[in-house]
Amino acid sequence: MEFYFGGHHGEVDFKEGYFIKTGKKISGGAFVIDMNRMSDESGEYENGLISHLKDPDFFDVKLYQTSKLVFTNVIYYDSTHMRINANLTIKDITLPIFFNAEVDFNKKQLTTRFKIDRTLWGITYNNKVKNDAISDAIAFQVTLKL
246 MEFYFGGHHG EVDFKEGYFI KTGKKISGGA FVIDMNRMSD ESGEYENGLI
296 SHLKDPDFFD VKLYQTSKLV FTNVIYYDST HMRINANLTI KDITLPIFFN
346 AEVDFNKKQL TTRFKIDRTL WGITYNNKVK NDAISDAIAF QVTLKL
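In our numbering, the protein residues as written are 246 to 391.
Structural data, given as structure tokens:
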């Protein structure tokens with residue numbers, strides 16, 4: 246799973262997960278995200294930025310080693326496009342989110358892009374330079390194999 250945050254691009258890995266299929270449609274799923282498996286795509290900020298993202302003022306990875314995404318409802322627009330309602334748990338805070346996704350049964354994958362407001366999950370890092378330098382939004386681009 247790729248993430249975009251404050252001009253940085255990286256990845257975080259899934260630990261485990263599954264889809265529920267009803268006929269030829271995805272009707273549910275649950276995925277555990279391994280917060281210890283974060284990396285910076287450029288490698289340039291691997292030690293500084295990634296270490297900081299794991300600190301208590303961001304994801305507090307020592308205490309919260311995993312996050313979880315659980316589909317609660319899937320509404321199809323057509324045979325390949327859908328809206329997924331889900332619960333996202335980060336730092337033991339579970340909130341509902343939704344996002345649009347596309348499934349490609351030939352490639353056996355589901356793809357989506359979505360953003361979350363990190364402050365809703367208690368990720369409220371502040372510094373003396375007003376928070377304008379640090380975006381509240383974290384964008385994700387996800388490709389899941391079926």
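Where is the CB? At the ideal position from N, CA and C, for every residue including glycine.
Checklist entry - Closest to L389 by CA distance: which of L365, I338, F350 and L298 is it? => result F350
Checklist entry - With DSSP run on the structure shown, which of helix, strand or coil describes T317? => result strand
Checklist entry - Is V387 closer than 7 Å to T357 when the C-beta atoms are compared? => result yes
Checklist entry - Is DSSP giving I368 helix, strand or coil here? => result coil
Checklist entry - In the DSSP assignment, what residue or residues form a beta bridge with M357? => result Residue 357 is actually Thr in this sequence, not Met. According to DSSP, which records beta bridges pairwise, T357 is partnered with A346 and V387.
Item to check | Sub-7 Å separation of R363 and D337 beta-carbons | outcome: no
Checklist entry - Which residues share a DSSP beta bridge with K269? => result According to DSSP, K269 bridges with nothing at all.
Checklist entry - Since R328 sits in a beta bridge, which residues does DSSP pair it with? => result I320 and N345
Item to check | Rounded separation between D323 and F264 - CA only | outcome: 19 Å
Checklist entry - So which of P341, Q354, T311 and Y309 has the shortest CA-CA distance to T325? => result Q354
Item to check | Among I320, T334 and S296, the one whose alpha carbon lies nearest that of E347 | outcome: I320
Checklist entry - L333: buried (16+ other C-beta within 10 angstroms of its C-beta) or exposed? => result buried
Next on the checklist: Relative to the C-alpha of Q310, which candidate in K270, S272 and I278 has its C-alpha closest?
Outcome noted: I278
Next on the checklist: Below 8 Å on the Cβ atoms is my contact criterion, and I expect I383 with I361 to pass it. Report the Cβ-Cβ distance as a whole number of Å.
Outcome noted: 6 Å
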